[in-house]
Structures are given as structure tokens and as C-alpha cells.
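Working notes, structure below.
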Amino acid sequence: MSAQKNGHRNGKVRVAVVGVGNCASSLVQGVHYYRDASPKESVPGLMHVDLGGYHIRDIEFVAAFDIDKNKVGLDLSEAIFAKPNNTVKFADVPRAGVKVQRGMTHDGIGKYLSEVVQKAPGETSDVVGILKKTKADVMVSYLPVGSEEATKWYVEQALTAGVGFVNCIPVFIAREPYWQKRFLDKNLPIIGDDIKSQVGATIIHRVLTRLFRDRG
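In this note's numbering, the protein residues as written are 28 to 243.
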């Protein structure tokens, strides 16, 4: 990753968010909420306050993309609370100075999501150009589950712009040798696939599976 603690960009990790839904809302709120957390203390809800020399407050949001007309054009601090988002509000996020840009749809809106989300008018923004202009280090994708083609499209944008990619949904990207090689060739990080909430279905399933194995 281009962001390095020793001098580069003041030790910040510059993040572009794809999909400003409930998960992104929790991430943005969490970064603000835990900005003064002590690395020397155990903090509920956090595995690491400091990771590789980076504190939570070192995460800086510099770009955001969505296709919902209720969010496109808003400041990120406002878009994370725009309908249909309904996650718990646990932090008052100050104005970010980051306008949510019109993203690419592809297969990002499924049958049920199309009933609650109306696409914003206009063309897809120049994602690569925005990533370069904002000097993003990494793209974090919170696209809806099942957005396989949309995910691959954004991965290509990340590669072209020279930024890392964190795939937060269960679409096979980081585990695929094809994508691994392409990111390795560009010396870029790729992380995924999928993420686990604190006590969501994925982690519960994993713990139960281990329990069944351990108990014979």
C-alpha cells in the first residue's frame, strides 16, 4: 500500500468507500467514535486500536460512491443516515467534505433492493479519476451481496488507479489466483472475501461448525 507511517501522507490511510449502506455507516461512525481510543486498553467492539502502527484515527475517508438518489450528491456524513439506511446511530459524525459520487450499477441492485432504492440520474462518475485526484490508498467495497459483476468492475477501477481493494462481500475476488496475481504484479494489497459482524451469521456459523467438530 502506498500509505506508510514513516512520513508519507502524514501517516494516514486514505479510503474510498463503495456502497454507502448500513455497513459503511457503521464504519464511518466507528472511525469517529473510536478516534481517541487508547491502544493500551481493551476496547469493546474493537480487535485492534492500533494495527501495524496505524491508529483508528489515521483512517481518512476521501471518496464515496453509491447509486441511490437519496445519497448521491450528499456529504458522506449525511449520506450514511439517508434512507433506506436504518442502522443504529451511535456517533455524531462531523461534515466530511466528501461528496458521494454516482457509482456504477451493473448487478448491484437485485430484485428486492430495487423495490426500496431508486437510481440517481446521470452517468457513472470517473471512478479512476476520482481515486487518483483524492490520492486514495485503498477502496473498501460494501456493495450489496450478490453484486458479482459490479464488484469485478470496481476491482478493475482500483487496479487502474493503483489502489488496494478490500472486498467486504462474499464474491470470490481475493481468494482467486487470477486477481491475486494482478494485484501482486502491481504491488497492491487485496483483502477479503467477506467480513464478519460482531455476532452475525458468518461468525456464528463458524463457531458452531468448530463446536460440532470438537465435540465429535
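C-beta atoms are modelled at their ideal positions from N, C-alpha and C, and glycine is treated no differently.
Which whole-angstrom value is the C-beta distance of residue i and residue j, which I expect to be below 8 Å?
{"i": "LYS98", "j": "VAL47", "result": "5 Å"}
{"i": "GLU87", "j": "VAL40", "result": "7 Å"}
Quick one: what does DSSP say residue i is sitting in, helix, strand or coil?
{"i": "VAL325", "result": "Residue 325 lies beyond the residue range present for the chain, which begins at 28 and ends at 243; the question has no answer from this structure."}
{"i": "ILE217", "result": "strand"}
{"i": "LYS179", "result": "helix"}
{"i": "LEU78", "result": "strand"}
{"i": "VAL144", "result": "coil"}
{"i": "ASN33", "result": "Low confidence applies to ASN33: its pLDDT is 39, below 50, so where it sits in the model is not reliable enough to give any reading."}
{"i": "MET28", "result": "In this prediction, MET28 has a pLDDT of 48, which is less than 50 and means its spatial position is unreliable; nothing more can be read from the coordinates."}
On the DSSP letters alone, give me the boundaries of the alpha helix (DSSP H) that residue i sits inside.
{"i": "ALA201", "result": "First-last for ALA201: undefined, no H or E at that position."}
{"i": "ASN49", "result": "49-60"}
{"i": "ARG233", "result": "228-241"}
{"i": "VAL155", "result": "154-160"}
{"i": "ALA106", "result": "103-106"}
With residue i as the anchor, note down where its beta strand (DSSP E) starts and where it stops.
{"i": "GLY191", "result": "191-194"}
{"i": "SER168", "result": "165-168"}
{"i": "VAL44", "result": "40-45"}
{"i": "ARG129", "result": "127-129"}
**Asked** If we count Cβ pairs, one from each stretch, closer than 8 Å, do we get three or more for the stretch 103-117 versus the stretch 71-82?
**Response** Between the stretch 103-117 and the stretch 71-82, the count of Cβ pairs shorter than 8 Å is below three; the stretches do not touch.
**Request:** Pair every Cβ in the stretch 166-183 with every Cβ in the stretch 43-59, then say whether three or more of these pairs are closer than 8 Å.
**Result:** yes
**Asked** Does the stretch 61-68 come close enough to the stretch 120-140 that 3 or more CB-CB pairs lie under 8 Å?
**Response** no
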